[in-house]
Amino acid sequence: KNIPILRRAEMMAELMRKKRSVVVAGSHGKTTTTSMIAHMMLENNLDPTFVLGGRLKSKKSNAYVGKSNWFVAESDESDGSFLHLFPEVAVVTNIDEEHLNHYGTFDHLKSAFLEFSSSIPFDGLTVLCIDDPEVYQLLEHMNKPVLTVGTHMKAMIRADNIVSDTGKMIFDVWNAKNKLATVELPLLGKHNVLNSLCAFAVGLRLGLEPTSIAKSLKKFNGIDRRMDFHGTYEGAEVYDDYAHHPTEILATLIALKKKAGEKKVHVLYQPHRYTRLQDTWQKHIEVFDYADCVYVTPIYEASETPIEGITSENLVKAIHERKKTKALFVASIDEGIAAIQKKISKGDVICTMGAGSITQAASKMIK
87 KNIPILRRAE MMAELMRKKR SVVVAGSHGK TTTTSMIAHM MLENNLDPTF VLGGRLKSKK
147 SNAYVGKSNW FVAESDESDG SFLHLFPEVA VVTNIDEEHL NHYGTFDHLK SAFLEFSSSI
207 PFDGLTVLCI DDPEVYQLLE HMNKPVLTVG THMKAMIRAD NIVSDTGKMI FDVWNAKNKL
267 ATVELPLLGK HNVLNSLCAF AVGLRLGLEP TSIAKSLKKF NGIDRRMDFH GTYEGAEVYD
327 DYAHHPTEIL ATLIALKKKA GEKKVHVLYQ PHRYTRLQDT WQKHIEVFDY ADCVYVTPIY
387 EASETPIEGI TSENLVKAIH ERKKTKALFV ASIDEGIAAI QKKISKGDVI CTMGAGSITQ
447 AASKMIK
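Written out as structure tokens, the structure is:
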């Protein structure tokens with residue numbers, strides 16, 4: 087009796103009340119960025135409490151209670167509840183057309199991100215990744231301290247000389263005048279360079295030396311289901327990824343295609359939610375241009391009711407009609423695994439992808 091029932095963000099707000107906090111928001115890259123920040127602080131003996139949307143491999147957990155006064159959290163913008171959080175340091179990775187069933191319009195979603203970005207105290211800091219055009223537009227409305235990051239020439243903390251090299255990204259980090267450090271990030275993709283820049287900026291705010299930040303990022307061994315390498319099958323590398331929105335799918339496929347080179351990229355994809363597929367239909371059709379073969383399972387419903395015409399079979403038909411990628415509907419995840427295993431060659435890259443029940447597919451494939 088009389089036990090309060092709180093939403094996740096309300097509970098986090100209570101936990102943060104007496105702590106110094108870093109909160110990461112954004113349509114994509116939140117979990118990776120928050121995990122990098124938590125890892126960086128752990129490596130530099132700041133011992134934060136953290137709550138993540140994925141499992142940090144080094145701690146084998148998505149949450150940890152630290153001994154310091156710092157709290158690091160991944161926010162959830164899907165229902166607007168991130169506006170319950172008032173961090174000392176706010177981070178915004180990007181803003182995409184997601185969760186419009188809650189916000190109604192993209193403008194309302196952008197307004198919510200502006201409100202979150204402005205929720206810091208006057209002596210706090212908001213880190214904005216301005217490679218994203220929607221985040222860049224927040225700048226003109228900000229009246230609190232801001233540190234911008236990106237490859238954009240106007241970014242205050244900027245990545246340059248970016249090189250992809252056998253499973254890692256190498257790049258230099260600059261401020262307006264000086265090179266601060268060279269980072270060797272053991273993750274693929276430009277999107278992860280941007281995520282790590284956000285973490286780098288937070289590290290500077292915490293008073294860490296640039297070389298110490300770079301050293302900790304070099305040791306970051308990732309989180310589960312974010313371009314997660316599982317092993318090989320008949321000489322083909324097998325990855326698993328949480329991507330379920332075209333922007334996330336694109337970032338992952340670009341990185342994997344670059345890794346595969348002349349070899350093929352095979353994707354086993356499970357669409358997530360009828361409404362998401364409907365809202366991003368054309369982008370879903372186009373994004374698989376970066377794969378050589380895509381095998382599409384039935385939609386993971388996530389408690390939604392079907393929408394007429396929004397089916398995996400129709401998605402496969404539309405991808406096939408573009409004549410850029412081979413597309414095949416598979417009736418189950420196991421059928422998809424079997425189909426890929428018949429088609430791969432040594433040196434190919436395989437990626438299982440989605441936010442639903444596909445989580446164990448990569449492990450099944452290499453057994």
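The sequence shown maps to residues 87 to 453 in the numbering used here.
We treat Cβ as the ideally placed atom computed from N, Cα and C, and that holds for glycine.
The beta carbon of G210 is closer than 8 Å to those of P173, E174, V175, A176, K230, P231 in its chain, skipping five residues each way along the sequence. Under the three-state reduction of DSSP output, T212 falls in the strand class. Between the C-alpha atoms of E407 and L401 there is a straight-line separation of about 10 Å. The C-beta distance from V259 to P296 rounds to 7 Å, short enough to fall under 8 Å.
When secondary structure is reduced to three states using DSSP, K429 falls in the helix class. In this structure, the CA atom of R311 is about 13 Å from the CA atom of L138. Spanning the alpha carbons of D251 and E323 requires a straight line of approximately 16 Å. Secondary structure note for T268: its beta strand (DSSP E) is the uninterrupted segment 265-271. The beta carbon of K305 lies closer than 7 Å to those of E129 in the same chain, with the five residues before and after it left out. With fewer than 16 other Cβ atoms from the protein chains shown falling within 10 Å of its own Cβ, N264 counts as exposed.
Burial check for S449: the Cβ neighbour count within 10 Å stays below 16, so the residue is exposed. Counting only residues of its own chain and dropping the five nearest sequence neighbours on each side, G112 has a CB closer than 6 Å to the CB of V178, T179, N180. Nearest Cα to M451 within the set P219, D326, E201, G289: D326.
Separation of E184 and G166 (C-alpha to C-alpha, rounded to the nearest whole angstrom) is 12 Å. DSSP places T366 outside both helix and strand once states are collapsed to three, so it counts as coil. Distance between L274 and N187, taken at the CA atoms: about 32 Å. Between the alpha carbons of G190 and A198 lies a distance of about 12 Å.
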